[in-house]
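Numbering (this note's numbering), first residue to last: 21 to 444.
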RNA sequence: GGAGACGUGGCUGAGUGGUUGAAGGCACCGGUUUCGAAAACCGGCAUUGGGGAAACCUAAUCGUGAGUUCAAAUCUCACCGUCUCCGCCA
């Protein structure tokens, strides 16, 4: 959600921003609605003022006859007020409907483009490994080494269901622990957060109302979140934070649920695209400064790049084009790991910042140096998404004999083991 | 699932129909005092919208939303949440 004042004062910027995001919205119409809203609001407030004044007179007056006369007068005025209040309510509803559709303005550095095809590579790291054999895809690897079970996964959980087992399961645990250790050492607060969340949290983070079809919903009207960001961002909703406590940095772990509606044909095998996975997510709440947000954005991206380098996984960073940005995002980088079997990079991390788009909806504020209440800025980036990251590791670390070399930094989390082999 | 209690400002806590945006306390800010500090004393101190250059004026806000009334923190209803007890489960 943007500030209506900001929208009014920067009409063209907001309209251009929406266009860049390929979102169809009429800002002029919104402003006309806002004019209407303010006009009716003024009328309603004037009448309320009169009612307040006269009511106070009635309370103080001892003259019974006059009292009765004033009460009668007010009764008539109230009739008029009722009609106007009804009009105001409708005007606000229509206004709000449009307000929540107004996207945040993308940063000037965001390239123009329709979808992820037009995302631009910013940099890449690592040599794509040259295999002297035909590398297997991660599906074949996990099946050959008995690291996952998709057949029984589907039997038990349905389409895209999976079990991780043996060293496949241990690899997940190793990655979580490795990433967690790193972020805790960086001063991040470790959190285990709920996946089962209330509707308001998804509105606040901008996943609703637009993303309804991608979310699982319970019979009680709650939802299963697709990321720990949802619960973590809502953690401080409605609160006023101490400026000295900012930036707050969290490394939050949770199961993640995604319906993947509309992508039925994509990645139908394996653990690249699943309905349920686990993720460590970086979430930051910071003071309201664009420079600060932009700096932190680079920082949360750099953390992941550092870890990818430690894992020796070739990757590239792309800056997402306007059309590939979410409603609230100002700018987003995707970090994509090299997948040898597909001969292309695949997204493993998504790093974005929002300014106060989320916190305005969630009502998270702090008091600045002048004592003024301001909405904090929010940012988030994937830290470690299992399953995608282990899939990349398995493919990049496979050997001719079918075994997997365990990345050096993960060995201590896997009992010192160097290779993943088939257990007989 | 059943029964009950409760939800007031940054915190605490009064307030059951009429200048109550809300007493008192804590915290915070300014001042007096002091060599300096503490203590004490004096003063200030909610948010949001609208108008205004400003002083200031005005409307709304006591969990949320409806309702009763000339007038609601206060009465009614629904919802959300918290707590206590019982039941169920671990």
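For glycine and all other residues, C-beta sits at the position ideal for the given N, C-alpha and C.
If only uninterrupted beta strand (DSSP E) runs of at least 3 residues are considered, those enclosed by the stretch 312–369 are 335–339 and 351–359.
In the structure shown, residue 439 adopts extended strand secondary structure according to DSSP, grouped into three states. The Cβ neighbour count for residue 212, taken over all protein chains shown within 10 Å, is under 16; the residue is labelled exposed.
Residue 90 is a Cβ neighbour of residue 77, given a cutoff of 9 Å. Here residue 410 carries a helix assignment [DSSP, helix/strand/coil]. Note that the C-beta distance between residue 390 and residue 158 is not below 9 Å.
Pairing residue 48 with residue 24 gives a Cβ-Cβ distance that is not under 9 Å.
With contacts defined as CB atoms closer than 9 Å, residue 369 and residue 355 qualify as a contacting pair. Residue pairing by DSSP places residue 296 opposite 277 in a beta bridge. Per DSSP, residue 395 lies in no alpha helix (DSSP H); the unbroken beta strand (DSSP E) holding it starts and ends at 393–395.
Judged by DSSP secondary structure, residue 142 falls within the beta strand (DSSP E) whose first and last residues are 140–145. As a beta-bridge residue in DSSP terms, residue 371 pairs with 353 and 401.
Using a Cβ distance threshold of 9 Å, residue 286 and residue 405 do not count as a contacting pair.
Distance between residue 305 and residue 31, taken at the CA atoms: about 27 Å. By the neighbour-count criterion, in which 16 or more other beta carbons inside 10 Å mark a residue as buried, residue 136 falls on the exposed side. Inclusion of residue 347 and residue 230 in the CB contact set at 9 Å is warranted, their separation being smaller than that value. Residue environment analysis places residue 377 among the buried positions, since at least 16 neighbouring C-beta atoms fall within 10 angstroms of its C-beta. Nearest neighbour of residue 363 by Cα position, chosen from 37, 441, 151 and 215, turns out to be 151. Going by beta carbons, residue 351 and residue 126 fall inside the 9 Å limit. DSSP links residue 387 through a beta bridge to 393. A contact is defined here as three or more CB-CB pairs under 8 Å, and the stretch 329–347 fails this definition with respect to the stretch 271–288.
In the DSSP secondary-structure assignment, residue 244 is bridged to 216 and 236.
Note on geometry: alpha-carbon atoms of residue 251 and residue 226 lie some 12 Å from one another.
Judged by pairs of C-beta atoms under 8 Å, the stretch 66–83 touches the stretch 92–101, as three or more such pairs exist.
In the three-state scheme derived from DSSP, where H, G and I count as helix and E and B as strand, residue 272 is classed as strand. Residue environment: residue 361 is assigned as buried (16 or more neighbouring CB atoms within 10 Å of its CB, all protein chains considered). Taking the Cα positions, residue 233 is about 16 Å away from residue 218. Taking the C-beta atoms as reference points, residue 372 is found no nearer than 9 Å to residue 284. Contact between residue 429 and residue 330 holds, with the beta-carbon distance rounding to 5 Å and staying under 8 Å. In the DSSP annotation of this structure, residue 308 is not part of any alpha helix (DSSP H), being labelled neither H nor E. Just so you know, the alpha carbons of residue 52 and residue 26 end up roughly 15 Å apart.
The alpha helix (DSSP H) runs of length 4 or more contained entirely in the stretch 55–134 are, from start to end of the chain, 84–119.
Per DSSP, reduced to three states, the secondary structure at residue 209 is strand.
In this model, residue 437 and residue 164 are separated by some 19 Å (Cα to Cα).
Secondary structure note for residue 32: its alpha helix (DSSP H) is the uninterrupted segment 31–40.
When secondary structure is reduced to three states using DSSP, residue 165 falls in the coil class, being assigned neither helix nor strand.
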